[in-house]
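So the sequence shown is residues 933 to 1240, counted in the working numbering.
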Amino acid sequence: MRVSTVQAITDFKAARAVEFFSGIGAFAQAARALNIEVVAAFDQSQSANLTYRLNYRLEPKARNLDSLDFKEIPEAEIWWMSPPCTPFSVRGKRRDEEDPRAISFLNLIKQIGRCLPAALLVENVSGFVGSQVHKRLREELAFCRYAVCEVDLCPTDFGVPMRRPRHFVVASRQRWQLKVPEIPRWPAVELGHYLDREPDAALTVENEIMQRYGRGFDIVDSAYSAAYLTCFTSGYWRCRKASGSLIALPNGGARRVSPPEIQRLLGFCPDFQFPESISLPGRWRLLGNSVDVRAVEYLLNLLELSGA
Ligand SMILES: C[S@@+](CC[C@H](N)C(=O)[O-])C[C@H]1O[C@@H](n2cnc3c(N)ncnc32)[C@H](O)[C@@H]1O
933 MRVSTVQAIT
943 DFKAARAVEF
953 FSGIGAFAQA
963 ARALNIEVVA
973 AFDQSQSANL
983 TYRLNYRLEP
993 KARNLDSLDF
1003 KEIPEAEIWW
1013 MSPPCTPFSV
1023 RGKRRDEEDP
1033 RAISFLNLIK
1043 QIGRCLPAAL
1053 LVENVSGFVG
1063 SQVHKRLREE
1073 LAFCRYAVCE
1083 VDLCPTDFGV
1093 PMRRPRHFVV
1103 ASRQRWQLKV
1113 PEIPRWPAVE
1123 LGHYLDREPD
1133 AALTVENEIM
1143 QRYGRGFDIV
1153 DSAYSAAYLT
1163 CFTSGYWRCR
1173 KASGSLIALP
1183 NGGARRVSPP
1193 EIQRLLGFCP
1203 DFQFPESISL
1213 PGRWRLLGNS
1223 VDVRAVEYLL
1233 NLLELSGA
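See below:
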C-alpha cells in the first residue's frame, strides 16, 4: 500500500542521476516516479546491492567510495548522496571528520567541483548540521556557485505515524532553480493502515528479552488513533533500547514491526521485495539504513526548471 505520492510538478525529462551510498534505493524508487533515469549506483554492501538490482534492474557498483575518482562517475545532472550517519550521531560518538566512516563523503565532496552536476541532494541525521563535514560541503558548494537550501523533514510531515527526522541539503546550479521549501503538512494517517492484517507469530519478542529489557522499550498500542512509532535503526532486530518501537499484543506481550510494514511506512511501493537469500535481521538492517521515499520526491520537486 502506498498511501500517497508527492505530486510531480517538475519536468525531469531526460534527467540522469547517480545514486551514491545507494542501499536499497529509496532514491531510485522516488526517481522512477518522477521519470529520472538512474544511470549508476554505488554501495559497498553486497546485500544492499542484491536488493537494489532485484527492484530496479540496475547493478550497483560494489565500490568503496573512499577512493572513488571523478573519472569513474558517469555524466549525470543529479547526484543523490546518503552517506553513513555514524560520524554525526550520538551512537557513533560524533567524531565528525575524524571518523573513518566520513572519508567516503569527504572524498565525494572533493569530486563535486570536477563534475559539477546540475543538482545535488544529501541526506543525513540532524547531528550533521554544524559539523566540520557539513562546513566543508557548504564551502565547496559556495565555491562552485550552487544555490543551496537545507530542510528538516520527518515522515510525520507526510502524515505517516513514524518519527524519523532527517536533515537534507539541496543544491542547484544553472538548469534548475530552487523553490523555497515549505514543510508539508499532510493529514495524519492512522498506524493501523500500515500494519499487517495477520502479523507473523515469529515477530513476537521472546519472554526472556521482554523480562530483561522490557521496561526500556517503546511499546505502542496500535488501537490508539494518535499512536506513532519511533525511528527504526539498523540494529532493530537485536531489539535493544532505542532501536525502534514494538507493537503491543493483546496478551500483554509485544511484537517487532515486520519489514513489509516498515517498507510501507517509508513509502516503498507494494511490489518492493527482498531477495529470498536475505534473512529477517538482514532486511531490518537494510531498512534501518534507508530513507523516506516521500521526502526524496518532495526534495526533487524543489527543483524547478530555470525560466519555467
Ligand atoms: C545511510 S545508508 C544509505 C541507504 C540508502 N540511501 C537507502 O535508500 O537504503 C549508507 C549506505 O552507504 C554504504 N556505505 C557506507 N560506507 C561506504 C563506503 N565507504 N563506500 C561505499 N558504500 C558505503 C552502506 O553500505 C549503506 O548502504
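Using N, Cα and C, we set each Cβ at its ideal position, and we do this for glycine too.
Own chain, CB closer than 6 Å to residue i, minus 5 neighbours either side, in chain order
i	result
Gln1109	Glu1236, Ser1238
Met1142	none
Ser979	Ile1210, Gly1214
Leu1073	Val1080, Ala1103
Leu1123	Pro1093, Ser1154, Ala1159
Glu991	Arg985
Trp1118	Phe1090, Gly1091
Nearest to residue i (by Cα), restricted to the options the options
i	options	result
Phe952	Cys1086, Trp1118, Leu1000	Leu1000
Glu1193	Pro1207, Gly1185, Leu1161, Asn1183	Leu1161
Ser1222	Ala949, Val1189, Pro1015, Arg985	Pro1015
Pro1213	Leu1234, Phe1149, Ala994, Ser1166	Ser1166
Phe1037	Phe1164, Cys1017, Pro1049, Glu1007	Cys1017
Ala1008	Gly1220, Val1057, Leu1053	Leu1053
Glu969	Ser1058, Gly1220, Ala960, Pro1131	Ala960
Pro1093	Asp1150, Ala1120, Pro1113, Trp1011	Ala1120
Ser1175	Val1189, Pro1182, Gly1184	Val1189
Pro1113	Gln976, Ser1157, Leu1232, Asn967	Leu1232
Arg1107	Arg1095, Ala1050, Asp1084, Arg1070	Ala1050
Lys1067	Phe1149, Ile1041, Cys1163	Ile1041
Host beta strand (DSSP E) of residue i (start-end)
i	result
Asn1056	1051 to 1056
Ile1010	1010 to 1013
Arg948	948 to 952
Glu1259	Outside the shown range of the chain (933 to 1240) lies residue 1259, about which nothing can therefore be said.
Near ligand 1: residue i beta-carbon under 7 Å from a heavy atom
i	result
Arg978	According to the sequence displayed, residue 978 carries Gln and not Arg. Every heavy atom of ligand 1 is 7 Å or more from the Cβ of Gln978, so no.
Ser1014	yes
Gly1176	no
Ala958	yes
Cys1081	no
Gly955	yes
Cys1047	no
Arg985	no
Leu997	yes
Cys1017	yes
Arg1215	no
Arg1033	yes
Val1223	yes
Phe974	yes
Residues near residue i in its chain [Cβ-Cβ closer than 8 Å; skip 5 each side]
i	result
Met933	At Met933 the pLDDT is 37, less than 50, meaning the model places this residue with poor confidence; the figure from the coordinates comes in the next sentence. Result list for Met933: His1125, Tyr1126, Arg1196, Pro1202, in chain order.
Same chain, Cβ closer than 7 Å to residue i, neighbours up to 5 away in sequence not counted
i	result
Asp1153	Ala1159, Ala1180
Simplified DSSP state of residue i, which is helix, strand or coil
i	result
Glu1030	helix
Lys1025	coil
Thr1162	strand
Arg1098	strand
Trp1169	helix
Ser936	Note on Ser936: pLDDT 40, under 50, position unreliable in the model; no value is reported.
Ser1238	coil
Leu1219	helix
Lys1068	Correcting the residue type first, residue 1068 is Arg in the shown sequence and not Lys. Three-state DSSP puts Arg1068 in a helix.
Ser1063	coil
Leu1212	helix
Ala1174	coil
Residue i: first and last residue of the uninterrupted alpha helix (DSSP H) it sits in
i	result
Ile1035	1035 to 1047
Ala980	978 to 988
Gln1249	Examination of residue 1249 is not possible in this model, given that the chain is present from 933 through 1240 alone.
Leu1085	No alpha helix (DSSP H) holds Leu1085; the beta strand (DSSP E) holding it covers 1079 to 1085.
Proximity test, Cβ basis, 8 Å: residue i and chain B
i	result
Arg1023	As a matter of chain content, chain B is missing from the structure shown, which is built from one protein chain.
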